[in-house]
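Undergrad: Listed in order, the protein sequences are those of chains A and F. The first sequence maps to residues 1 to 154 in this note's numbering. The second sequence maps to residues 1001 to 1154 in this note's numbering. All C-beta atoms in this analysis are idealised placements derived from N, C-alpha and C, irrespective of residue type, glycine included. Quick caveat, the model's predicted, so the values are computed rather than measured.
2 protein chains.
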Amino acid sequence: MQNQEIHTRFFSDEYFMKQAIKQAEIAYNNNEVPVGAVIVYKNKIISKASNQQETLNDPTAHAEMIAITSATNYNGGKYLKECVLYVTIEPCVMCAGATYWAQIGKIVFGSADTKKGFRIFNKNILHPSTKIYGGILKNECNLLMKKFFKKLRL
Amino acid sequence: MQNQEIHTRFFSDEYFMKQAIKQAEIAYNNNEVPVGAVIVYKNKIISKASNQQETLNDPTAHAEMIAITSATNYNGGKYLKECVLYVTIEPCVMCAGATYWAQIGKIVFGSADTKKGFRIFNKNILHPSTKIYGGILKNECNLLMKKFFKKLRL
């Protein structure tokens, strides 16, 4: 493989989102709302987390929150300016607020959240230096959510 | 003392805000932005926390977040519907978002935050059933912040 091909295959947004989806699958299997996140620094995953609100009995234990705490722990600094957060569903207000304090470099989310996504409330919640992209593997990300809420209604 | 007098003296908003201020003083003494919080259930403090962003090297470690996690741990349930959060400074977006997920019954804050307070972004971030009151001992709450930022500039 050429270097460019290796880079595309292993270090693409799709590759890292697939790792976030694996975390969402862990959440799904634990009867949690299936959201997963990974944080990447220089093409290396430095933290990964699944939503654990029920498991930890903690309303703040969203995948992004755990991943941010874990990444800053790894990083040794409270800012994540050069990091990318990959998360399967658009962050809520709480998690978007946390990325503000971490001054995270970039957010890549899968599926938009038209009910609880932070953009419904105010797009400017993010830090001015944070870039944001959505729609990466959105169908795969959303499929888990649909399955979860369908199971809840049974 | 009559029962009513005891109630007023020991279980007033001022009394609980003073306990939150004690937590803010701990933050101040640890060179943290001096914010403190307590969570009260049926007139009993079930959690208290000071801001620990620097101490824990964690951008999510605001006083309110720690107090919420701690209160749900005490409570054994992820909701805090019958609880009151006393916090010395108006919550930021992240913390207001956390109170949404906890469905906290009431928020009582001391001083408004005209720069990072959640109300600048959207007043509807709170859960529809959450009541909110501000201005309790606001001068005392704000004094610590003024002292802190004055010290930073020296």
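#1: Do the CB positions of F/P1034 and F/E1064 come within less than 9 Å of each other?
#2: Please list, in chain order, the residues of the region 1046-1071 of chain F that have any C-beta partner in chain A closer than 7 Å.
#3: Under 9 Å between the Cβ atoms of F/A1067 and F/V1084?
#4: Quick one: complete beta strand (DSSP E) runs, 3+ long, within the region 1039-1076 of chain F?
#5: May I ask which residues mark the beginning and end of the beta strand (DSSP E) holding A/K131?
#6: Tell me which residues of the region 103-119 of chain A have at least one Cβ-Cβ distance to chain F shorter than 7 Å, keeping chain order.
#7: Give every residue of the same chain whose Cβ lies closer than 6 Å to the Cβ of A/N142, excluding the five residues on either side of it in the sequence, and list them in chain order.
#8: Report the rounded CA-to-CA distance for F/K1115 versus A/R153, giving the unit in angstroms.
#9: With a 10 Å radius around its C-beta and 16 neighbouring C-beta atoms as the bar for buried, classify F/G1105 as buried or exposed.
#10: Report the residues of the region 1076-1101 of chain F with a CB closer than 9 Å to any CB of chain A, ordered along the chain.
#11: Report the neighbours of F/N1073 on chain A: residues whose CB is nearer than 9 Å to its CB, in chain order.
#12: Could you tell me which chain A residues have their CB closer than 7 Å to the CB of F/Q1125, listed as they occur along the chain?
#13: Which runs of the beta strand (DSSP E), 3 residues or longer, sit entirely within the region 1077-1141 of chain F?
#14: Run the CB neighbour count on A/S12, radius 10 Å, all protein chains shown included, and call it buried at 16 or more, exposed below.
#15: Compute the Euclidean distance between the alpha carbons of A/F121 and F/S1047, then round it to the nearest angstrom.
#16: From A/L56, A/K78, A/N29, pick the residue whose C-alpha is nearest to that of A/A151; which is it?
#17: In chain order, what residues of the same chain have a beta carbon less than 6 Å from the beta carbon of F/A1024, not counting five sequence neighbours either side?
#18: Within 10 Å of its beta-carbon, does F/E1082 have 16 or more other beta-carbons around it, so buried, or fewer, so exposed?
#19: Alpha carbons only, please: which of A/I136, A/N31, A/F16 is nearest the one belonging to A/K42?
#20: So F/Y1079 packs on F/A1102, CB below 8 Å; how close in whole Å?
#21: Between which two residues does the alpha helix (DSSP H) harbouring F/N1029 extend?
#22: Out of curiosity, what's the CA-to-CA distance linking F/N1031 and A/L137?
#23: Cα-Cα, which of F/M1094, F/Y1133, F/S1050, F/T1130 is closest to F/A1027?
#24: With a 10 Å radius around its C-beta and 16 neighbouring C-beta atoms as the bar for buried, classify A/P59 as buried or exposed.
#25: Measure the alpha-carbon distance for A/G135 versus A/K146 and round it to whole angstroms.
TA: The answer reads as follows:
#1: no
#2: Q1053, N1057, D1058, P1059, T1060, M1065, I1068, T1069
#3: no
#4: 1044-1050
#5: 131-134
#6: none
#7: S111
#8: 42 Å
#9: buried
#10: G1076, G1077, K1078, Y1079, L1080, C1092, V1093, M1094, C1095, A1096, G1097, A1098, T1099, Y1100, W1101
#11: L56, N57, D58
#12: Here the sequence assigns Ile to residue 1125 of chain F, which means Gln is not the residue at that position. Chain A residues near F/I1125: V93, F121.
#13: 1083-1089, 1106-1111, 1131-1134
#14: exposed
#15: 29 Å
#16: The question names Ala, yet the displayed sequence has Lys at residue 151 of chain A. Residue A/N29 is the option with its Cα nearest to A/K151.
#17: P1034, V1035, G1036, T1088, L1144
#18: exposed
#19: A/F16
#20: 6 Å
#21: 1013-1029
#22: 43 Å
#23: F/S1050
#24: buried
#25: 16 Å
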